[in-house]
Amino acid sequence: MEKGRQASRRPVKGNSFLKKNSVIDLSECVILAGGGSTRMGRAKADLRLGRRTLLGHARALAAELGLPCRVQSQDDTPGQGPLGGVATALRRARAGRVLFLGCDMPFLTAELTQRILAVEAEAVFASVKGTVGFPFVLSPAVLPKVEAQLASGQRSLQRLAVRLRARRIRVLVAEVPQLQNLNTPADLAEALKTAACLGRRF
277 MEKGRQASRR
287 PVKGNSFLKK
297 NSVIDLSECV
307 ILAGGGSTRM
317 GRAKADLRLG
327 RRTLLGHARA
337 LAAELGLPCR
347 VQSQDDTPGQ
357 GPLGGVATAL
367 RRARAGRVLF
377 LGCDMPFLTA
387 ELTQRILAVE
397 AEAVFASVKG
407 TVGFPFVLSP
417 AVLPKVEAQL
427 ASGQRSLQRL
437 AVRLRARRIR
447 VLVAEVPQLQ
457 NLNTPADLAE
467 ALKTAACLGR
477 RF
């Protein structure tokens, strides 16, 4: 996050969007929480920020969207990074589309996530200046391509987006702070300042 900028988290006004959007009705949420957190030095999911842990913030977002949610912490094949978690989650999918969230993006809002969810495609990624990342949505139908990429030794989400010819949803400049992920103690310290400024809204 840029210095001096604050991420805000506003509640969705009502749930009429969720009720009317069949694409979202057919979706589920998976929170990827299987990383080693080596740069943070301790499990990121359990770190507290404001009223909740980082994992709690991701769960709250899924609840705000009205999606069933599960946490993916054990991958079928450990050591393959986020893409290994993606493959594991798609094998266990219970819905036609899977929204993937990281457990370390506490400022992500439902409004931005809804824009990703609302696009009808097998693969949809948030994109900033051409670089894709969380949140993203995949259909279980793309699992063979995910597995093929892992078998080739490529673990990059960027390469996956190209392989899947994914739709890329441009994140607005004002929304970029929402995508801050917390990897280091310095990131956490900065996020704590932001959360303190947000007060009861966080």
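Residue numbers (the working numbering): 277 to 478. Where a beta carbon is used, it is the ideal one built from N, C-alpha and C, also for glycine.
What distance in whole Å lies between the Cβ atoms of residue j and residue i, which are believed to be in contact at a cut-off of 8 Å?
i	j	result
L419	L366	4 Å
V362	F383	Not a contact, Cβ separation roughly 22 Å.
R431	G357	5 Å
Which same chain residues, not among the five before or five after residue i, have their C-beta less than 8 Å away from its C-beta?
i	result
Q434	T407, V408
I445	R391, I392, V395, V400, F401, A402, S403
V374	S303, E304, C305, V306, A365, L366, V413, L414, S415, P416
Rounded to the nearest angstrom, what separates residue i and residue j at their Cα positions?
i	j	result
V447	R441	18 Å
Q423	V306	The question names Gln, yet the displayed sequence has Glu at residue 423. Cα-Cα distance, rounded: 18 Å.
G360	A321	18 Å
A371	L388	21 Å
Q348	R327	23 Å
A309	S303	19 Å
P344	A338	7 Å
P461	F410	21 Å
G378	L323	14 Å
R315	K405	25 Å
A386	D463	22 Å
G290	A334	For G290, the predicted model reports a pLDDT of 42, less than 50, meaning its position is unreliable; a value from the coordinates is still stated below. Spanning the two alpha carbons is a distance of roughly 19 Å.
Would you list the residues sitting across from residue i in a DSSP beta bridge?
i	result
G361	Note: G361 sits in no beta bridge, so no partner.
A402	G409, I445
E304	V374
C345	C305
T329	R324
L414	V374, A399
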